[in-house]
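Here is the structure we will look at, set down as structure tokens.
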Amino acid sequence: MTLWRILFRIPWHILLIAAVLVVVGALALYSASEGSWQPWAGRHALRGAVGVGVVLLMAFIDFKLLHRFSYILLIAALIVLAGLLVIGSGPNVSRWITIGGVSFQPSEPAKIAIILALARYFDSQPQDRMQSLIVYLPALAIIAVPFLLVMKQPDLGTALMLLLGGLSVIFAAGLPWRYVGGVTILALGAMPLLWMTLHEYQKSRVMTFLNPEADVLGAGYQIIQSKIALGSGGLFGKGFLMGSQSQLDYLPEKQTDFVFTMIGEEFGLVGNLFILGLYLALSLSILRISYLVRSRFSQLTCMGISMMLFFYVFVNVAMVSGMLPVVGAPLPLISYGGTSMLTVFIGLGIVTSILIHDRQED
Amino acid sequence: MRRSKEKDLRRIMSRRGFVLAGAAVTMTGFLGARLYYLQVAQTSRYQRLSDRNQFDVRVVPPARGRLFDHKMRLVAGNAESFELRITPLYARNLQDTLDLLASIVELPEARIESVIATAKALPSFREITVRDDLSQRELARLAVRSALLPGVSFGKSLRRIYPQGALTCHITGYVSPVTQREIENDKTLEILPTLGTGKTGVEYMFEPNLRGLPGREKIEVNATGRPIKVLSDVPPAPGNDLQLSVDIGVQLHASERLRQGRWEQVTFGSHEVQAALASDAELQAHLAVGDDMILRDGNGRLVPAESGAAVVMDIHTGEIISLVSAPMFDPNLFTGKLLNRDWRRLNEHPRRPLLNRVTSGLYAPGSTFKMVVGLAALEAGVISENTEFFCTGERELGDSIFHCWRKGGHGAMNIVSALEQSCDVYFYEIALKTGIQKIRDMALRLGLGTVTGVDLPGEKSGIIPSHEWKLANKGVVWTPGETVVAGIGQGYVLTTPMQLAVMTARIANGKDAVVPSLLSKPNGAVQNFAPLDISESALAVIRRGMSAVLYGGAGTANSYQLGKEYGGMAGKTGTVQVKRITLAQREKGITKNIDRPWAERDHALFVAYAPLKNPRYAISVVVEHGGSGSSTAAPVARDILAKTIAERGLT
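Chains as they are written, first to last, in our numbering: chain A, 1 to 362; chain B, 363 to 1013.
Set out below in structure tokens:
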């Protein structure tokens, strides 16, 4: 394939949306540090540029390579996740791994590994067996093992997104509707079981979510302050660098999980809807690519990455607006955090590679 | 076949893709709706909450006005103290941090619990005061450990102090934390819960002058409650300083002298004193409230300091030079958090140190009332200066016999010699002839039977009986026998030491119905007292009688004359029966005062003015259960007057 052909086929609109989101993120982080490129905004923009480079680089990688390595990737991810539980850094929380001074969260790339593995698994299944439940059980295992490992870290937010992303792949693969209902019932039934496996602090977070005013001092503080910041932003916001909740430190974690709140305070409902619109456009654009590609692997991978991205956003926004408990979920491309951003760009790179090398017209 | 299957699956997946797209759109719609609810529908509510977060209106307490004595010595002031505060949000674990604090500074478990309870009721970013009375030492200990104490900060505050301590307790009264009831009556106190309000004494009477006006600062604060910038600032207006008429030098002498009475002070530390302290509950009660005077009485017993009252005033201006009520208490105990233990000790003390005996202690005036009876009789024309009655030692009236204090009688007496020797029979006679109504009228004009109007709360008016009073309060008619008893200031008659001092001051002044005051008056200030309106000739006779008490050959207090260098003094003794002596006791021979239980002994009273010529100061002294007015109260009054003249002079 010629260079020109590859460049022509690159989904530039997706890259543009991602770039706009990175710029929005950099501006938000500039405001979060009270009008300074240090310590977050500058690095965020730099990482965004690197991310775009990664996508362009991946445009030249044949998707078949991904197909071949998908299981190995999953196994590697599982080994790292299991290893983390033994040697993770940080007190009581083993989310991070440090190699040569660079810390990263293995649970982030694990999301993609699961999607790729599921896509390959369903790709390999004979068409006529897709109506039988037996086919879906190994897929459930592919989700369940990393899900439990991440839960154990403990990182409820990532585990939740991992589960939702994986389940959406199973759904997309054609899980018969009767089983969809069954899985829903199973999930509801498993909730008390899940509750028992939760850590004390996670339980308190959920309880706080149900009634934040009962614990104004502790975990409820974040939700209450986040709602105050969002609500006081109004329709058009208080203006760039003018968000009193954020600038005066009432809002916790404003550079990571609560960055959406800060944007809401400074740019109001208009700013928030603009960002939600960008994310929806991004997810739908990736979803649309699944209609343009040939193999089932490619289709399912695109759908999975699209939904993973969507749930990323949904869990975060629902959390900061008080619809979900505070589980710890960043806002992709806007929140400060290298691993999360790199994961999203790798996802976009995979989609790009698939679109270029597995188009139906070829 | 395979191809169609493939196509089927592709169709299924396409449909699923649409379902996922639809789900994504729908869920984004939910988020949009939620944001609309927060940012449009509820925005005014959240804007209000945001403002409440962002702006802190801090009320800056005013410095309370200080109190000075006549010579500008500090009587009540404000000490800077250090507050220990904690911000729960930043103290990762409140309980742990408080426990750690408790290992560094004194912090009772109950206080920790109350801080945690407060923390639960407030937003976590609000500072809570843990202690408001850190010492420099504690502050230093905390400062070096501050790295281990996240969320802990320090601040300055003002705390009321009384540098004279117990010495001025019944004058200053005290300031203590605002009570719930005060807040209900005065809503402005609600914003200043840390400010103290005067509860008694001058602190209470001049509360509006002393308090000042709080300032207000509208500050932008960050989440840790730290000020970012001051948006508006109304500085507090400090309260007015007050200069009292009291002289600390005289006050100190008066308190020592009154409490010593006629006995000898013993030194602490001796084996005997320690042994007595260990076994004597009454001594222990005194010592527990900080009373460190122990006396050896006439029988060689160790007894606590005398209790009673002494008040000195200027007869022209009404300024009070000294006001002592014993026992006393330390008003500094009340300014912070009064310990239950201290409160119990004060409240359950058998001699009630919290009672201001000068204005609220009621005593029968006894023979000090004889001036009133004499003036009433002179004014009514019942007697003249030379009218004589013969004292046989008793006076019969109907079936009753009224005794004179001297068994054999005084013989022929006129008003001057009757005052000099305090002849009871003489005053029985003239009281009967004058009648209770005229006596009462004179008593009221001299300031008895009514509050004097001194600047202290809780003043008692006492009782000067009359026919109407008896009927209204006892339901029966007045009997002549009661007039006889009233003639020597006993029976129903009750007065306060303050009233007796005012009475004496008015007799000495002769022109003005002087009203006592605790505020210092500038020299030459015009006094707006009502005219006394008692004939000068009658007053002169009475004054001569009072002079004879000290300088007459048979004067009841002629052993306790005030030296010539002070210009001499005139006075009157009073010995007040607390317990009636029965006929049986009288026949056995009256038991000596000191051999009776303390609570059954007579009160010793003395009123006086000095100097004899151009009098300036009046005094009244009550030594509770102190024995006779001559032997116990007279020397106390003489010594205090001498000190008053030495300290304040006569010009």
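Note that the Cβ used here is the ideal one computed from N, Cα and C, for glycine as well.
| Check | Outcome |
| --- | --- |
| Three-state class that DSSP yields for residue 13 of chain A in the structure shown | helix |
| Test: residue 457 of chain B CB closer than 7 Å to a CB of chain A | no |
| Endpoints, alpha helix (DSSP H) assigned at residue 978 of chain B | Residue 978 of chain B -> no alpha helix (DSSP H), and no H or E assigned at all. |
| Buried versus exposed call for residue 114 of chain A [16 or more other C-beta atoms within 10 Å across all chains shown] | buried |
| Residue 861 of chain B, enclosing alpha helix (DSSP H) - first and last residue | 859-871 |
| Residue from B:592, B:580, B:544 whose Cα sits closest to the Cα of residue 569 of chain B | B:544 |
| Closest by C-alpha distance to residue 48 of chain A, when choosing among A:22, A:143, A:329 | A:22 |
| Closer than 7 Å to chain B by CB, residue 262 of chain A | no |
| Where residue 408 of chain B meets chain A, residues with beta-carbon distance less than 9 Å | 227, 228, 229, 230, 231, 232, 233, 234 |
| Environment of residue 1005 of chain B [buried if 16+ CB atoms lie within 10 Å] | buried |
| Three-state secondary structure assigned by DSSP to residue 624 of chain B | coil |
| The stretch 523-544 of chain B: positions lying closer than 9 Å to chain A by Cβ | none |
| Same chain, Cβ closer than 8 Å to residue 117 of chain A, five either side skipped, listed in chain order | 70, 71, 73, 74, 142 |
| N- and C-terminal bounds of the beta strand (DSSP E) containing residue 1088 of chain B | This structure leaves residue 1088 of chain B out entirely; chain B is present only between 363 and 1013. |
| Closer than 7 Å at the beta carbon, the chain A residues around residue 390 of chain B | 276, 280 |
| Partner residues on chain A for residue 374 of chain B, Cβ-Cβ distance less than 7 Å | 174 |
| Per-residue DSSP class, three states only, for residue 736 of chain B | helix |
| For residue 516 of chain B, the residue or residues it bridges with in DSSP | B:446 |
| Within-7 Å CB hit, residue 621 of chain B to chain A | no |
| Integer Cβ distance of residue 621 of chain B from residue 667 of chain B, believed to fall under 8 Å | 4 Å |
| 6 Å CB neighbourhood of residue 692 of chain B in its chain, flanking five on each side removed | 527, 528, 652 |
| Min CB distance residue 423 of chain A to chain B below 7 Å | Look at the range of chain A in this structure, 1 to 362, and you will see that residue 423 of chain A is not part of it. |
| CB contact check: residue 454 of chain B to chain A, cutoff 7 Å | no |
| Beta-carbon gap between residue 81 of chain A and residue 193 of chain A smaller than 7 Å | no |
| The stretch 870-890 of chain B in contact with the stretch 671-679 of chain B per 3-pair CB rule at 8 Å | yes |
| Residues that residue 303 of chain A contacts on chain B, provided the C-beta gap is smaller than 7 Å | 379, 382 |
| Contact list for the stretch 289-313 of chain A against chain B, Cβ threshold 7 Å | 290, 291, 299, 303, 307, 310 |
| Straight-line gap, residue 46 of chain A to residue 67 of chain A (C-alpha atoms, nearest Å) | 30 Å |
| 6 Å Cβ shell around residue 343 of chain A - same chain, five flanking residues per side excluded | 108, 109 |
| Any chain B beta carbon closer than 7 Å to residue 317 of chain A | yes |
| Spatially closest choice to residue 897 of chain B from B:661, B:719, B:742, by CA coordinates | B:742 |
| Option in B:640, B:597, B:816 with minimal Cα separation from residue 683 of chain B | B:816 |
| Nearest residue (CA-CA) to residue 386 of chain B, options A:320, A:222, A:341, A:310 | A:310 |
| Same chain only: Cβ atoms within 7 Å of residue 92 of chain A, ignoring 5 sequence neighbours per side | Note on residue 92 of chain A: pLDDT 49, under 50, position unreliable in the model; the coordinate value appears next. So the list is empty, once near-sequence residues are dropped. |
| Residue 965 of chain B - DSSP class collapsed to helix/strand/coil | strand |
| Per DSSP, cross-strand counterpart(s) of residue 875 of chain B | Per DSSP, none; premise fails for residue 875 of chain B. |
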